[in-house]
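Engineer: With UniProt numbering as the guide, the letters of the sequence shown map in order to residues 1 to 402.
There's a structure below that I have some questions on.
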Amino acid sequence: MELLAPAGNLEKLNIAFAFGADAVYMGLPGLSLRAGAESWTAEQLEQLPAALSYWRTSKPRKLYLAINRYLHERDIAVLQELAARIGSTPADAFIVSDLGVAAALRQAFPQTELHLSTQANCTNSRAARVYQDLGFSRIVAARELTLAEIAAIKQELPELEIEVFAHGAVCIAYSGRCLISSWLTGRSANHGECTHSCRWQYREFEEKKRPEATLRVEEHDGFSTIFSPEDMSMIDHLPAMQDAGVHSLKIEGRMKSAYYVAAVTQAYRLQLDALSNPDCIDAASKARDLVLDLPHRGYSTGMYFGQPELRTPPSQHGPRFMGIVYQTETRGRYSVAVKNRFSLADGIEAVAPGNPVPLQLQGTLQDESGKIVDSLYHGKPGFLTTDQELPSYTVLRSVVRQ
Numbered sequence: 001m002e003l004l005a006p007a008g009n010l011e012k013l014n015i016a017f018a019f020g021a022d023a024v025y026m027g028l029p030g031l032s033l034r035a036g037a038e039s040w041t042a043e044q045l046e047q048l049p050a051a052l053s054y055w056r057t058s059k060p061r062k063l064y065l066a067i068n069r070y071l072h073e074r075d076i077a078v079l080q081e082l083a084a085r086i087g088s089t090p091a092d093a094f095i096v097s098d099l100g101v102a103a104a105l106r107q108a109f110p111q112t113e114l115h116l117s118t119q120a121n122c123t124n125s126r127a128a129r130v131y132q133d134l135g136f137s138r139i140v141a142a143r144e145l146t147l148a149e150i151a152a153i154k155q156e157l158p159e160l161e162i163e164v165f166a167h168g169a170v171c172i173a174y175s176g177r178c179l180i181s182s183w184l185t186g187r188s189a190n191h192g193e194c195t196h197s198c199r200w201q202y203r204e205f206e207e208k209k210r211p212e213a214t215l216r217v218e219e220h221d222g223f224s225t226i227f228s229p230e231d232m233s234m235i236d237h238l239p240a241m242q243d244a245g246v247h248s249l250k251i252e253g254r255m256k257s258a259y260y261v262a263a264v265t266q267a268y269r270l271q272l273d274a275l276s277n278p279d280c281i282d283a284a285s286k287a288r289d290l291v292l293d294l295p296h297r298g299y300s301t302g303m304y305f306g307q308p309e310l311r312t313p314p315s316q317h318g319p320r321f322m323g324i325v326y327q328t329e330t331r332g333r334y335s336v337a338v339k340n341r342f343s344l345a346d347g348i349e350a351v352a353p354g355n356p357v358p359l360q361l362q363g364t365l366q367d368e369s370g371k372i373v374d375s376l377y378h379g380k381p382g383f384l385t386t387d388q389e390l391p392s393y394t395v396l397r398s399v400v401r402q
């Protein structure tokens with residue numbers, strides 16, 4: 001199965017590939033359903049072809065471009081500039097929900113594959129066949145489907161690839177189509193501007209037609225998230241997904257940090273490797289803790305086995321993301337992209353690509369001039385000198401407190 005990770009910017013793309021992703025998905029501002037997540041600058045987009053060429057020297061890796069906004073009539077002008085907006089972005093496939101957009105892309109880029117977005121609500125083999133006849137090589141299954149239903153679609157259409165969400169936040173709306181954000185804030189989820197209103201903290205609410213009847217909801221200490229669903233994690237059920245004919249496992253999270261991308265990608269990479277290589281089973285078991293250490297709303301298996309069932313209790317505590325390490329020409333000296341102020345005295349762990357066990361970091365810190373310092377600060381260049389071998393793209397985190 002393919003492991004598909006989020007790439008909200010160039011840094012996250014590099015992290016995703018370093019930690020084992022087979023493919024990444026990204027969007028361009030104003031064209032995808034994560035308008036606030038895409039921090040791809042013009043400079044980063046210029047560097048994208050070179051970055052992909054670098055990662056593809058060791059193994060085939062793919063890039064999927066999400067253009068899954070739903071267009072209103074006032075947005076039709078977007079179609080006229082679509083080819084220019086995409087430009088030379090080296091996409092292997094476009095993730096699309098609007099058939100008008102699909103037709104425009106097929107005309108402008110006839111050699112590039114089309115993947116059907118989960119927003120298109122494809123829930124059965126008859127609909128999937130229609131999309132396949134229209135030129136789609138893959139569907140991202142509607143999130144309401146069970147694994148049994150996915151297996152039935154695959155049996156009917158063995159040549160059609162099926163992609164599913166395997167980990168991350170879950171939208172409560174039907175395959176992600178939601179009007180809550182539009183209603184409360186005027187920002188449309190279907191145009192990439194979702195404010196995640198379903199995850200706000202609600203103390204009480206009032207029905208408009210019965211203003212005298214106020215409903216109190218008391219589920220937590222002082223507040224309740226009325227609509228909020230738990231997070232999804234299928235890390236313990238990859239054999240079942242493989243048996244159902246799933247081709248690609250998608251990690252949600254273009255708005256998440258590079259550390260999140262590293263931790264989740266690493267955990268799923270090692271779990272996938274363990275399916276075919278018994279030597280990876282021990283590492284995969286240890287890597288599972290990287291997922292459990294992340295802050296989450298409680299993990300469930302979504303609708304894949306029927307009604308959602310909370311398998312892991314919520315946790316709002318997790319490690320802080322401190323930085324990313326890059327090798328330099330001097331052995332034992334590393335440059336650090338600092339994300340939060342840190343000192344080695346506070347206890348810092350290094351999570352390296354391919355290593356499921358975080359390493360207690362030792363050494364000395366230097367500022368940009370080479371002066372030894374106690375701490376490094378966000379936004380200021382820094383260096384780490386250590387005898388420990390650290391591959392480039394190793395991520396640094398605070399020690400997890402139990």
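C-beta atoms are modelled at their ideal positions from N, C-alpha and C, and glycine is treated no differently.
What you are looking at is a predicted structure, and each value in this text was computed from that prediction instead of being measured.
By the 10 Å Cβ neighbour count, where 16 or more other Cβ atoms means buried, how is residue 147 classified, buried or exposed?
Structural biologist: buried
Engineer: Here's the rule: buried if 16 or more other CB atoms are within 10 angstroms of the residue's CB, otherwise exposed. What is residue 345?
Structural biologist: exposed
Engineer: Between which two residues does the alpha helix (DSSP H) carrying residue 79 extend?
Structural biologist: 77-80
Engineer: Look at the Cβ atom of residue 97, then the Cβ atom of residue 116, and state whether they are nearer than 9 angstroms.
Structural biologist: yes
Engineer: Taking CB distances under 9 angstroms as the criterion, tell me whether residue 130 reaches chain C.
Structural biologist: Here chain C cannot be found, since the structure has a single protein chain.
Engineer: Determine the DSSP secondary structure at residue 17, reduced to helix, strand or coil.
Structural biologist: helix
Engineer: Helix, strand or coil: which one does DSSP assign to residue 107?
Structural biologist: helix
Engineer: Would you mind giving the Cβ-Cβ distance between residue 152 and residue 125, rounded to the nearest angstrom? I have them listed as a contact below 8 angstroms.
Structural biologist: Their Cβ separation, rounded to whole angstroms, is 7 angstroms, which keeps residue 152 and residue 125 in contact under 8 angstroms.
Engineer: Touching or not, the segment 41-61 and the segment 14-29, by the rule of three or more beta carbon pairs under 8 angstroms?
Structural biologist: yes
Engineer: Can you tell which of 286, 164, 247, 261 has the C-alpha that lies nearest to the C-alpha of residue 234?
Structural biologist: 164
Engineer: Excluding the 5 residues flanking residue 9 on each side, which residues of the same chain have their C-beta closer than 7 angstroms to its C-beta?
Structural biologist: 39, 40, 44
Engineer: Throw me the rounded Cβ distance for the residue 337 and residue 394 pair, which I believe falls under 8 angstroms.
Structural biologist: Contact doesn't hold; Cβ gap of about 11 angstroms is too wide.
Engineer: Sort 240, 266, 384, 267 by Cα distance to residue 322 and report the nearest one.
Structural biologist: 384
Engineer: In the DSSP assignment, find the beta strand (DSSP E) that holds residue 394 and state where it starts and stops.
Structural biologist: 394-398
Engineer: How far does the beta strand (DSSP E) with residue 322 in it extend, from its first residue to its last?
Structural biologist: 321-327
Engineer: Can you name, in chain order, every residue of its own chain whose Cβ lies under 7 angstroms from the Cβ of residue 108, other than the five neighbours on each side?
Structural biologist: 82, 83
Engineer: Work out the CA separation of residue 355 and residue 261 for me, nearest whole Å.
Structural biologist: 15 angstroms
Engineer: Given residue 157, which residues of its chain have a CB within under 7 angstroms of its CB, disregarding the five upstream and five downstream residues?
Structural biologist: So the list reads 125, 128, 129, 132, once near-sequence residues are dropped.
Engineer: Expressed to the nearest angstrom, what Euclidean distance is found between the alpha-carbon atoms of residue 78 and residue 94?
Structural biologist: 16 angstroms
Engineer: Once you ignore the five residues that flank residue 326 on each side, which residues in its own chain have a CB closer than 8 angstroms to its CB?
Structural biologist: Excluding its 5 nearest sequence neighbours in each direction, residue 326 has C-beta neighbours in its own chain below 8 angstroms: 334, 335, 336, 337, 392, 393, listed in chain order.
Engineer: Taking all protein chains shown into account, decide if residue 296 is buried (16 or more other Cβ within 10 angstroms of its Cβ) or exposed.
Structural biologist: buried
Engineer: On the three-state DSSP scale, how would you describe residue 155?
Structural biologist: helix
Engineer: Give the DSSP-derived three-state secondary structure of residue 113 in the structure shown.
Structural biologist: strand
Engineer: Residues in the same chain with beta-carbon distance under 7 angstroms from residue 47, minus the five sequence neighbours each way, listed in chain order, please.
Structural biologist: 10
Engineer: With 16 other CB atoms within 10 Å as the buried threshold, where does residue 23 fall?
Structural biologist: buried
Engineer: Using the Cα positions of residue 239 and residue 369, report the straight-line distance between them to the nearest angstrom.
Structural biologist: The C-alpha of residue 239 lies about 51 angstroms from the C-alpha of residue 369.
Engineer: Helix, strand or coil for residue 236, going by three-state DSSP, please let me know.
Structural biologist: coil
Engineer: Counting along the chain, where does the beta strand (DSSP E) carrying residue 339 start and finish?
Structural biologist: Residue 339 -> no beta strand (DSSP E), and no H or E assigned at all.
Engineer: From what residue to what residue does the alpha helix (DSSP H) around residue 267 run?
Structural biologist: From DSSP, the alpha helix (DSSP H) with residue 267 extends over 258-276.
Engineer: If I follow the unbroken beta strand (DSSP E) through residue 54, where does it start and stop?
Structural biologist: Taken as a continuous stretch (DSSP letters only), residue 54 belongs to no beta strand (DSSP E), being part of the alpha helix (DSSP H) at 42-55.
Engineer: State the DSSP-derived secondary structure class of residue 255, mapped to helix, strand or coil.
Structural biologist: coil
Engineer: Under 7 angstroms Cβ to Cβ from residue 269, same chain only, skipping five residues before and after it: list those, please.
Structural biologist: Cβ neighbours of residue 269 beyond the five flanking positions: 3, 19, 20.
Engineer: Since residue 138 is in the beta strand (DSSP E), which residue starts that stretch and which ends it?
Structural biologist: 136-140
Engineer: What residue range does the beta strand (DSSP E) around residue 93 cover?
Structural biologist: 93-96
Engineer: Whole angstroms are fine: how far does the CA of residue 389 sit from the CA of residue 382?
Structural biologist: 18 angstroms
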